[in-house]
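What follows is a set of notes on a single structure, which appears directly below.
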Amino acid sequence: MEKTARISIENNADADSKDSNGETPLLAAAQYGHEAVVKLLLATDDVDAYLKDSNGWTPLLRAAQEGYKAVVELLQWSEWRSFWNRAG
């Protein structure tokens, strides 16, 4: 999955594209605990970690529900970084 994500990013694929369930690549990676893919996606400037699927779930909520602590920590750090960047 990491190789596919890397190739997609290198070819300028839309990191926030949604499938028929409203899931983004980040949400899918988070809900299945693919830590390396989550890191890769968060490192791009094009990913929105706050996008919700059609049921209102965010990547952080999915990772927490499934018990992927390392992914939860990555997403929380991303949210803090985003907050501080917006704050100035």
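Here the numbering used here is used: the first residue of the sequence shown is 30, the next is one more, and so on. Using N, Cα and C, we set each Cβ at its ideal position, and we do this for glycine too. If you're wondering where the values come from, they're calculated on a predicted model, not measured in any experiment.
Rounded straight-line distance, which links the Cα of residue j to that of residue i
{"i": "Ala-34", "j": "Thr-87", "result": "19 Å"}
{"i": "Arg-91", "j": "Ile-36", "result": "25 Å"}
{"i": "Lys-81", "j": "Ala-93", "result": "14 Å"}
{"i": "Asp-75", "j": "Leu-55", "result": "11 Å"}
{"i": "Lys-68", "j": "Asp-77", "result": "13 Å"}
{"i": "Gln-60", "j": "Trp-106", "result": "17 Å"}
{"i": "Ala-42", "j": "Val-101", "result": "24 Å"}
{"i": "Ala-58", "j": "Leu-89", "result": "11 Å"}
{"i": "Glu-39", "j": "Asp-48", "result": "20 Å"}
{"i": "Glu-95", "j": "Gly-62", "result": "8 Å"}
Status (buried if at least 16 other CB within 10 Å, exposed otherwise) for residue i
{"i": "Thr-73", "result": "exposed"}
{"i": "Ala-99", "result": "exposed"}
{"i": "Tyr-97", "result": "buried"}
{"i": "Glu-52", "result": "buried"}
Nearest residue (CA-CA) to residue i, options the options
{"i": "Leu-103", "options": "Asp-45, Val-66, Ser-83, Glu-39", "result": "Val-66"}
{"i": "Asp-45", "options": "Gly-96, Leu-70, Val-101, Asn-84", "result": "Leu-70"}
{"i": "Asn-50", "options": "Glu-95, Leu-89, Ser-83", "result": "Ser-83"}
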